[in-house]
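So in my numbering, the last one in the sequence shown is 156, and the numbering has no gaps at all.
We treat Cβ as the ideally placed atom computed from N, Cα and C, and that holds for glycine.
Keep in mind it's a predicted model, so treat the numbers as computed, not measured.
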Amino acid sequence: MPVSVLTAVHVLGVVIWIGGVAFVTMIVFPMLTRMENSLEKVLLFQGIEHRFARIAKISLAVVGLTGGWLLFETGEWRILFSMAGIGPTLMLVVWTFYLLVLTFEGRIFGRIFGGKVQQAPEKVFALLSRFHWVVLGLSLLATGAGVWAGHGGAMR
């Protein structure tokens, strides 16, 4: 498959994935913080999260497959974890982080929150919102570094 087609599919997967994270972070969480009814808030979040998790997992798989294929096709796997490979390295690190979070989200959030959702839903949503801002920041950093490096910004 030509590199241009792989790149296009890769970028579309990233747009869907990180666009969804941005939507949840910048739109959904602020809406939830203004809601009064805790049960309604939890049910709305669970509905959105359940729907988005499926889309995110598919996008993550597409991005991982096309990203790995692109690293192989272009030979950029050789520069991973070097200054010349800062773009693909950051993208790989963020992708791996998302893979771990989405794979083990039930266990991770079960340990972190336990029964706190029923006891203090406001604190749980505040913590999740901060987590989403950090994840979105890392995602945008990786995307920016990838574009920068892919368009001549990295030293080779």
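Between the stretch 76-91 and the stretch 38-52, do at least 3 Cβ pairs fall closer than 8 Å? no
Residue 79 versus residue 25: straight-line alpha-carbon distance, rounded: One-based indexing of the sequence shown puts residue 79 at position 79. One-based indexing of the sequence shown puts residue 25 at position 25. Taking the straight line from one Cα to the other gives about 33 Å.
Looking at C-alpha atoms only, which residue of 3, 98, 146 is the closest neighbour of residue 87? Taking the sequence shown and counting its residues from 1, the one referred to as residue 87 is at position 87. Of the listed residues, the one whose Cα sits closest to residue 87 is 146.
In the DSSP assignment, find the alpha helix (DSSP H) that holds residue 150 and state where it starts and stops. Taking the first residue of the sequence shown as position 1, residue 150 is located at position 150. First-last of the alpha helix (DSSP H) with residue 150: 121-150.
Helix, strand or coil, according to DSSP, for residue 82 in the structure here? Counting from one through the sequence shown, the residue named residue 82 turns up at place 82. Residue state, collapsed to three classes: coil.
In three-state terms, what does DSSP make of residue 40? Here residue 40 refers to the residue found at position 40 of the sequence shown. In the structure shown, residue 40 sits in a helix (DSSP, three-state: H, G or I).
Within 10 angstroms of its Cβ, does residue 106 collect 16 or more other Cβ (buried), or is it exposed? Here residue 106 refers to the residue found at position 106 of the sequence shown. Under this definition residue 106 is an exposed residue.
Going by beta-carbon coordinates alone, are residue 59 and residue 17 separated by less than 8 Å? Translated into positions along the sequence shown, residue 59 becomes position 59. Translated into positions along the sequence shown, residue 17 becomes position 17. Their beta carbons are under 8 Å apart, which means residue 59 touches residue 17 by this criterion.
Answer yes or no: do residue 56 and residue 102 have a C-beta to C-beta separation smaller than 8 Å? Counting from 1 along the sequence shown, the entry for residue 56 is found at position 56. Counting from 1 along the sequence shown, the entry for residue 102 is found at position 102. Cβ distance < 8 Å, so residue 56 and residue 102 count as in contact.
Selection from 139, 151, 140, 128 that minimises the alpha carbon distance to residue 33: The count along the sequence shown starts at 1 and reaches residue 33 at position 33. Nearest of 139, 151, 140, 128 to residue 33, Cα basis: 128.
Of the residues 137, 139, 125, the one placed nearest residue 28, counting alpha carbons only: Residue 28 sits at position 28 when you count from the first residue of the sequence shown. Nearest of 137, 139, 125 to residue 28, Cα basis: 125.
For a test of the three-state rule: what should DSSP assign to residue 1, helix, strand or coil? On the sequence shown, position 1 is the one that residue 1 refers to. Three-state result, residue 1: coil.
Just curious, the alpha helix (DSSP H) that residue 26 is in, first and last residue? As a first step, residue 26 is located in the sequence shown; it is residue number 26 there, counting from the start. Counting along the chain, residue 26 falls outside any alpha helix (DSSP H), and DSSP gives it neither H nor E.
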